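Asks:
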Amino acid sequence: MTGPGDRSGTDAGQGATAPSGGFRKGAFGVSGSGDTSGFGGLVRVEPGGAVALHSTDRPYGGWFDEVTDALIEAVGEATYAAAVSRVLVDRGEITYFVAREHLLTLVQALRDDDALRFELCSSVSGVDYEGSGGPAATPGRPRLHVVYHLTSMTYRRRIRLEVAVTVEDPHVPSVASVYPTADWHERETYDMFGVVFDGHPALTRILMPDDWDGHPQRKDYPLGGVPVEYHGATVPPPDTRRSYR
């Protein structure tokens, strides 16, 4: 899952270095050669770096302003101001960054209001903006993000909601009561990222065994190799592989 701050780079195999200007290259903490995962050429913007987290100024353009105005009217100006910390328009898409305390109020309005009619939650997924050993490791930082893609089949529109929580308090209200399609999506996000969806009807693991320790898609989860049934061979973890040029 990529976020608005992700950027593609061209210097594959440079590793997870932190050049000046707040940019970070590579993935998995690799330095020099070794990363054959395809992520070695990533250049990501670090928090506090050259590209700050910001809110797009209005007008947003197109139907984005129409949807925003309808949402404000549906929930009230005070609730909207408390619920939405910022709005980002990037690459022709709009994302509302939402406080978890107001998530259910917003999704209920987005589904039911006649001017909005976002009837379908097509995806709930997680993102961990932790960098292994990097500045994001500070306790209390809201590094775990839950991303919701909502679709209006009536108006043929799509928007994104994003909720950020800390590892110490990874609780988010379940939206399964509003969008039943979110049921298994929330289970997968819980399984992979450890986000606890309060009010979910049966929040159990869906990919890993019930007794599995940890959440494999968190950035601080240890990488592992893959056993291969050929003369006892093993595909090593990405951070230990040699690169091919």
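Residue numbers for the sequence shown, in full-length UniProt numbering: 1 to 245.
A virtual CB, placed ideally from N, CA and C, is assigned to each residue, including glycine.
Remember, it's a predicted structure, so these values are computed and weren't measured experimentally.
Mind reading off the beta-carbon distance from Val165 to Tyr148? Whole number of angstroms is fine, and I expect it under 8 angstroms.
Replies: Counting from 1 along the sequence shown, the entry for residue 165 is found at position 165. Counting from 1 along the sequence shown, the entry for residue 148 is found at position 148. Not really, about 14 angstroms apart at Cβ, beyond 8 angstroms.
Asks: Roughly how many angstroms separate the alpha carbons of Gly61 and Leu120, rounded to a whole number?
Replies: As a working mapping, residue 61 is identified with position 61 in the sequence shown. As a working mapping, residue 120 is identified with position 120 in the sequence shown. Rounded to the nearest angstrom, the two C-alpha atoms are 23 angstroms apart.
Asks: Can you list, in chain order, the residues of its chain with a C-beta nearer than 6 angstroms to that of Pro19? Leave out the 5 residues immediately preceding and following it.
Replies: Position 19 of the sequence shown holds residue 19. Legend: pLDDT at Pro19 = 49, less than 50; position of this residue unreliable, value from coordinates given subsequently. Cβ neighbours of Pro19 beyond the five flanking positions: none.
Asks: Tell me Val127's beta-bridge partners as DSSP assigns them.
Replies: Taking the first residue of the sequence shown as position 1, residue 127 is located at position 127. Per DSSP, His145.
Asks: Near Arg187, what residues of its chain come up, given a Cβ to Cβ distance below 6 angstroms and the 5 sequence neighbours on each side ignored?
Replies: Numbered from its first residue, the sequence shown carries residue 187 at position 187. So the list reads Ile206, once near-sequence residues are dropped.
Asks: Can we say the segment 102 to 109 touches the segment 72 to 86, given the rule of at least three CB pairs closer than 8 angstroms?
Replies: With a cut-off of 8 angstroms, the segment 72 to 86 and the segment 102 to 109 count as touching, because enough Cβ pairs lie within range.
Asks: State the beta-bridge partners of Ser152 as determined by DSSP.
Replies: Counted from its first residue, the sequence shown places residue 152 at position 152. Answer is Arg157, bridged to Ser152.
Asks: Cα separation between Val146 and Glu229?
Replies: The residue given as residue 146 occupies position 146 in the sequence shown. The residue given as residue 229 occupies position 229 in the sequence shown. Near 37 angstroms, if we compare the C-alpha coordinates of Glu229 and Val146.
Asks: Please go through the same chain and pick out, in chain order, the residues whose beta-carbon is closer than 6 angstroms to the beta-carbon of Thr240, but skip the five residues on each side of it.
Replies: Taking the first residue of the sequence shown as 1, we reach residue 240 at position 240. So the list is empty, once near-sequence residues are dropped.
Asks: Let's test the definition: count the other Cβ atoms within 10 Å of the Cβ of Ala52 and tell me whether it reaches 16, buried, or not, exposed.
Replies: As a first step, residue 52 must be located in the sequence shown, where it is residue number 52. Summary for Ala52: the model assigns pLDDT 47, below 50, so the residue's position carries little reliability; its value from the coordinates is reported in the next sentence. That one is exposed.
Asks: Would you say the beta carbon of Thr79 is closer than 7 angstroms to some non-hydrogen atom of the ligand ADP?
Replies: This structure lacks the ligand ADP; in fact it carries no ligand of any kind.
Asks: Taking the alpha carbon of Ala202 as the reference point, which residue from Leu106, Val127 and Ala176 has its own alpha carbon closest?
Replies: Indexing the sequence shown from 1 puts residue 202 at position 202. Of the listed residues, the one whose Cα sits closest to Ala202 is Ala176.
Asks: Who are the near neighbours of Met208 in its chain, counting only those whose CB is closer than 6 angstroms to its CB and skipping five residues on each side?
Replies: To locate residue 208, count along the sequence shown from 1; it is residue 208. If we look at Met208 and ignore the five residues flanking it on each side, its Cβ neighbours are Asp191.
Asks: Would you list the one or two residues that DSSP bridges to Tyr96?
Replies: By one-based count along the sequence shown, residue 96 stands at place 96. DSSP output for Tyr96 lists Val87 and Leu161 as bridge partner(s).
Asks: With Phe118 as the anchor, note down where its alpha helix (DSSP H) starts and where it stops.
Replies: Indexing the sequence shown from 1 puts residue 118 at position 118. Careful: Phe118 lies outside any alpha helix (DSSP H) and carries neither H nor E.
Asks: Report the three-state DSSP secondary structure of Pro238 (helix, strand or coil).
Replies: By 1-based counting over the sequence shown, the position of residue 238 is 238. Three-state result, Pro238: helix.
Asks: Could you check which residue in Pro236, Pro227, Phe64 and Val127 has the C-alpha nearest to that of Leu88?
Replies: Start at 1 with the first residue of the sequence shown, and residue 88 comes out as number 88. The shortest C-alpha separation from Leu88 is found at Phe64.
Asks: In the DSSP assignment, find the beta strand (DSSP E) that holds His185 and state where it starts and stops.
Replies: Mapped onto the sequence shown, residue 185 falls at position 185. Taken as a continuous stretch (DSSP letters only), His185 belongs to no beta strand (DSSP E), being part of the alpha helix (DSSP H) at Ala182 to Phe193.
Asks: DSSP three-state call for Val75: helix, strand or coil?
Replies: The residue labelled residue 75 in the question sits at position 75 within the sequence shown. Val75 falls in the helix class under three-state DSSP.
Asks: Near Arg157, what residues of its chain come up, given a Cβ to Cβ distance below 8 angstroms and the 5 sequence neighbours on each side ignored?
Replies: Walking along the sequence shown from the start, residue 157 turns up at place 157. For Arg157, where only same-chain residues beyond five positions count, the Cβ hits under 8 angstroms are Trp63, Val67, Phe118 and Thr151.
Asks: Using the C-alpha atoms, what's the distance from Arg141 back to Pro222?
Replies: What you label residue 222 is simply residue 222 of the sequence shown in a count that begins at 1. What you label residue 141 is simply residue 141 of the sequence shown in a count that begins at 1. Each residue's alpha carbon lies about 20 angstroms from the other.
Asks: Check whether the Cβ atoms of Glu130 and Arg143 sit closer than 8 angstroms, and answer yes or no.
Replies: As a working note, residue 130 is residue 130 in the sequence shown. As a working note, residue 143 is residue 143 in the sequence shown. Closer than 8 angstroms, so yes.
Asks: Rounded to the nearest angstrom, what separates Gly224 and Tyr179 at their Cα positions?
Replies: Taking the sequence shown and counting its residues from 1, one reaches residue 224 at position 224. Taking the sequence shown and counting its residues from 1, one reaches residue 179 at position 179. In a straight line, the C-alpha of Gly224 is about 35 angstroms away from that of Tyr179.
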